[in-house]
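Numbering (the UniProt record's numbering), first residue to last: 1 to 148.
Ideal Cβ positions, reconstructed from N, Cα and C, are used throughout, including at glycine.
Structure first, commentary second.
Following this line, the structure appears as structure tokens:
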């Protein structure tokens, strides 16, 4: 990666971190209610921390000798993930958040290269259960679910 690309990448990460910080401060200034801040502030803190780490990694990375070509099949993966995301959004109201999330995670992990059925099922089921349970505690309104 040449110096110009590194500067562009660092500037984009800085812009994302600044936007996340502004969003958290703006939400806190409008209302300090727990329902308003419970997702925004932790998400902003995580975004700023990840961006800071990536900026540091970008600046410390030695320049590469040549530009690397994108991996083969990456366009298909992006298109597949976008299609899965659309199906997730369509499935939220019809089959429920839990089943739609499970199927999305199962399809995404399969699309990204995981072949073994047991790790696929354990990953999708575990993450779905954790997300649905967490959101039940965090959100002040009920979520339509089918199983959980």
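Check	Outcome
From 138, 38, 92 and 13, residue whose alpha carbon lies closest to that of residue 51	13
Proximal residues to residue 110 (C-beta, below 7 Å), its chain only, five neighbours per side dropped	120
Buried or exposed (CB count within 10 angstroms, at least 16 for buried), residue 31	exposed
Inter-stretch contact (C-beta, 8 Å, three-pair minimum) for the region 36-47 and the region 11-26	yes
Buried/exposed call for residue 141, threshold 16 Cβ in 10 Å	exposed
Element boundaries [alpha helix (DSSP H), containing residue 116]	Taken as a continuous stretch (DSSP letters only), residue 116 belongs to no alpha helix (DSSP H), as it is neither H nor E.
C-beta contact flag for residue 101 and residue 88 at 8 Å	yes
For residue 7 and residue 86, the rounded distance between their alpha carbons	34 Å
Best match in 29, 41 and 99 for proximity to residue 129 [C-alpha to C-alpha]	99
Supposed close pair residue 84, residue 107 - CB separation, criterion 8 Å	5 Å
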